[in-house]
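J.:
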Amino acid sequence: EAQVTQNPRYLITVTGKKLTVTCSQNMNHEYMSWYRQDPGLGLRQIYYSMNVEVTDKGDVPEGYKVSRKEKRNFPLILESPSPNQTSLYFCASSSKTSGAWNTGELFFGEGSRLTVL
Amino acid sequence: GENVEQHPSTLSVQEGDSAVIKCTYSDSASNYFPWYKQELGKRPQLIIDIRSNVGEKKDQRIAVTLNKTAKHFSLHITETQPEDSAVYFCAAPGPNSGYALNFGKGTSLLVTP
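So the sequences go chain by chain: A and B.
So our numbering is basically just the index in the first sequence, starting at one, shifted up by 152.
So our numbering is basically just the index in the second sequence, starting at one, shifted up by 1.
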């Protein structure tokens, strides 16, 4: 079954304790992205990756890191989480690009709800 | 993202009525405009998209129209049903990169029986 898998789905942690949210897709998609969803703010892009070893910042990259060592995996790293990073996080992937444009359907994972105390 | 504005933020309609959600974008070079539906507690899913070489696209009860000159696009849902109740997001690529897909803040649609 084609899917995007995120882990953990739920996490409560404390300020400053490094954590990683994993994301894996089995569709051989080149493009992967991380979004955070907050009430009233919609989906905001954190980082995206056009292919292995190619990443770029989205709208809200501060406090996050990513890596794309393999095509299927795109982990999100919070080196020193703070309470303002409490949010619902979605990983997504897509296959189609048209030149320099992302024009494909985004397949989202089920989301990871993170609480930072 | 800042380059995509979506209105209204909430919309309540009676079953059978039509619903229209509008989005504007800032990057005139944007060429792809998807709409996603997110049901309560679920992940967003694509419902329809349009590319800049057409002005309208329909899929059963939903349609999207695009006005490139005015830089806005709209989602139209006809004969609404209670299962259409969800949050709808528009999106557009850019402005700094065509790979950055920015979403509007969402419209919470409630269809009452």
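C-beta atoms are modelled at their ideal positions from N, C-alpha and C, and glycine is treated no differently.
Shorter than 9 Å from the beta carbon of A/Y187 to some beta carbon of chain B?
T.: Yes, because at least one Cβ of chain B sits closer than 9 Å to the Cβ of A/Y187.
J.: Looking at B/W36: is its Cβ nearer than 9 Å to the Cβ of B/A87?
T.: Contact flag unset, no.
J.: Look up A/Q237 in the DSSP assignment and say whether it is helix, strand or coil.
T.: A/Q237: helix per DSSP, three-state reduction.
J.: Strictly below 7 Å CB to CB, what residues from chain A border B/Q17?
T.: A quick correction: the sequence has Gly, not Gln, at residue 17 of chain B. Correct list: empty, because the minimum Cβ distance to chain A is about 28 Å.
J.: Check each candidate in A/T172, A/H181 and A/L171 and name the one with the smallest Cα separation from A/S247.
T.: It is A/H181.
J.: Across the stretch 49-64 of chain B and the stretch 20-36 of chain B, are there enough close Cβ pairs to call them in contact, namely three or more that are closer than 8 Å?
T.: The stretch 49-64 of chain B vs the stretch 20-36 of chain B: in contact.
J.: Which term fits B/D85, buried or exposed, when burial requires 16 or more other beta carbons within 10 angstroms of its beta carbon?
T.: With 16 or more other Cβ atoms within 10 Å, it is buried.
J.: Would the stretch 221-240 of chain A count as touching the stretch 175-190 of chain A if we require 3 or more Cβ pairs under 8 Å?
T.: Segments in contact, yes.
J.: Residue range of the beta strand (DSSP E) that A/M184 falls in?
T.: Looking at the DSSP string, the run of the beta strand (DSSP E) that includes A/M184 is Y183 to D190.
J.: Does the beta-carbon distance from B/Q7 to B/K106 come in below 9 Å?
T.: Yes, the Cβ-Cβ distance between B/Q7 and B/K106 is below 9 Å.
J.: Closer than 9 Å, Cβ to Cβ, to anything on chain A: give me those residues from the stretch 96-114 of chain B, in chain order.
T.: So the close ones are N97, S98, G99, Y100, A101, L102, N103, F104, G105, K106 and G107.
J.: When you compare only the Cα positions, how much space is there between B/T79 and A/L171?
T.: Taking the straight line joining both Cα atoms gives about 45 Å.
J.: Could you list which residues in chain B have their beta carbon closer than 8 Å to that of A/G263, in chain order?
T.: The contacting residues are R44.
J.: Please list the terminal residues of the continuous beta strand (DSSP E) segment that includes B/A93.
T.: A87 to P94 is the span of the beta strand (DSSP E), which, as asked, contains B/A93.
J.: With distances taken between CB atoms, is the gap from B/V112 to B/S10 smaller than 9 Å?
T.: No. Outside cutoff.
J.: How many angstroms separate the CA atom of B/K199 from the CA atom of B/V65?
T.: Residue 199 of chain B cannot be examined here, being either before or after the span of chain B that is shown, 2 to 114.
J.: By the three-class DSSP mapping on this structure, what secondary structure does B/P35 have?
T.: Here B/P35 sits in strand by DSSP.
J.: So, at 8 Å on beta carbons, what are the nonlocal neighbours of A/L258 in its own chain, with the 5 sequence-adjacent residues on each side left out?
T.: So the list reads S185, A244, S245 and S246, once near-sequence residues are dropped.
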